[in-house]
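Reviewing the structure listed below.
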Amino acid sequence: MYQFDYQRAGSVAEAASALSANPEAKLLAGGQTLLPTLKQRLAQPEAVVDLSGVAELKSIGKDGDKVVIGAMATHAEVAANADVAGAIPALAKLAGGIGDPQVRHRGTIGGSLANNDPSADYPSAVLALNATVVTNKRQIGADDYFQGMFGTALAEDEIITAVHFPVPGFAGYEKIEQRASRYPLVGVFVAKPAGGSEVRVAVTGAGADGVFRCGPIEAALAANFAGSAAAGVSVDASSLMGDMHGSAEYRAALISVLAQRAVDGK
Ligand SMILES: Cc1cc2nc3c(=O)[nH]c(=O)nc-3n(C[C@H](O)[C@H](O)[C@H](O)COP(=O)(O)OP(=O)(O)OC[C@H]3O[C@@H](n4cnc5c(N)ncnc54)[C@H](O)[C@@H]3O)c2cc1C
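Here numbering that gives the first Met the number 0 is used: position 101 in the sequence shown is 100, and no number is missing along the way.
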């Protein structure tokens, strides 16, 4: 690890001014990604601005027809929250299935979305539920937020403050884990808005360019919202990633199977 300055912010405004004072500074959430990166000397920020003392980033609750989750809410807190479980059970299930207990008690929704790992769970929920990523500067819709592998619409000095999830009419999430890391080998989130007919199907773990919406399965489910309709879709493997854990063709087959399970709830 290289030497760096450490600052514990007490508010979003304090963190924002620390970032604008030093363009080389990095935000620290739970450190689940940032600290290994620093230890391996893959990054050399001049300063680290710790968000763990910013109380305003930790709230979770229902606000009218949306669930609002603060950026510093840990996966364990989201999984255990009654408002989340009541309004979007699939989201609580997703959070409760991330990594292992240690990861769930340190990792945060803001850190996960800022990192946008192509195999992370949350991006699929944000994209399928058409959530809004709220920052200290603006609100970013899910379709504009994700910009390829590890890429997001965030500016260098932008801080995610919360994520707004509209309460859906239907939501289901299923994944197959990569057994060593517990990241999804493939994860599929299926959602329908409350009172709407649009179907959004977001896939993580499979896209060569990160999380993506699966148009053919969305069309099949829009015509017939049944697991069998999703299972009948043959997903094109040509733009998917393949690695030692599973070929692109295997991942393509899993997408249909997991979409079916997400709709059927099993
Ligand atoms: C062993 C292991 C297993 C894991 N398994 C899974 C899994 O199964 N599924 C899954 O989805 N994830 C998994 N993760 C990832 C984990 O859940 C964390 O979400 C992820 O590592 C980000 O960590 P963090 O929240 O602690 O953020 P940090 O590591 O502190 O920060 C990550 C990045 O986000 C930036 N950042 C943090 N907060 C903000 C903010 N509010 N605004 C703007 N930028 C910000 C930081 O500057 C940094 O660049 C795993 C991680 C580990 C170590």
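Just so it is clear, CB atoms sit at the ideal spot from N, CA and C, and this is done for glycine as well.
Fill in: Neighbourhood of M148 by C-beta distance below 7 Å, restricted to the same chain and skipping five residues each side
Close CB contacts of M148 within its chain, under the 7 Å cut and outside five residues either way in sequence, are with P117, D208 and G209 (chain order).
Practice prompt. Work out the CA separation of G60 and I68 for me, nearest whole Å.
Written response: Here the C-alpha atom of I68 lies approximately 7 Å from the C-alpha atom of G60.
Worksheet entry | Beta-carbon proximity check, A89 vs A161, cutoff 9 Å | no
Worksheet item: Beta carbon of K57: closer than 8 Å to some heavy atom of ligand 3?
Response: Within the structure as shown, ligand 3 is missing, the only ligands being ligand 1.
Practice prompt. Go ahead and label L41 buried or exposed: buried means 16 or more other beta carbons lie within 10 angstroms of its beta carbon, across all protein chains shown.
Written response: exposed
Discussion item. Measuring alpha carbon to alpha carbon, tell me which residue in L33, Q31, I87 and K136 is nearest S19.
Written reply: K136
Worksheet entry | C-alpha gap between S10 and A46, whole angstroms | 17 Å
Discussion item. Restricting to runs no shorter than 3 residues, where is the beta strand (DSSP E) found entirely within the stretch 171-201?
Written reply: 183-192
Worksheet item: So what does DSSP say about Q101, is it helix, strand or coil?
Response: helix
Discussion item. Can you tell me which residues form a DSSP beta bridge with L27?
Written reply: D49
Worksheet item: Counting Cβ pairs, one atom from each stretch, are 3 or more of them under 8 Å apart for the stretch 130-145 and the stretch 166-174?
Response: no
Discussion item. For a test of the three-state rule: what should DSSP assign to P22, helix, strand or coil?
Written reply: coil
Item to complete: Below 8 Å CB to CB, which residues in the same chain sit around A221 once its five sequence neighbours on both sides are set aside?
Response: The residues are S196, E197 and V198.
Worksheet item: What are the uninterrupted segments assigned as alpha helix (DSSP H) that are 4 or more residues long and contained completely in the stretch 59-102, given in chain order?
Response: Qualifying alpha helix (DSSP H) stretches, in chain order: 74-79, 81-86 and 88-95.
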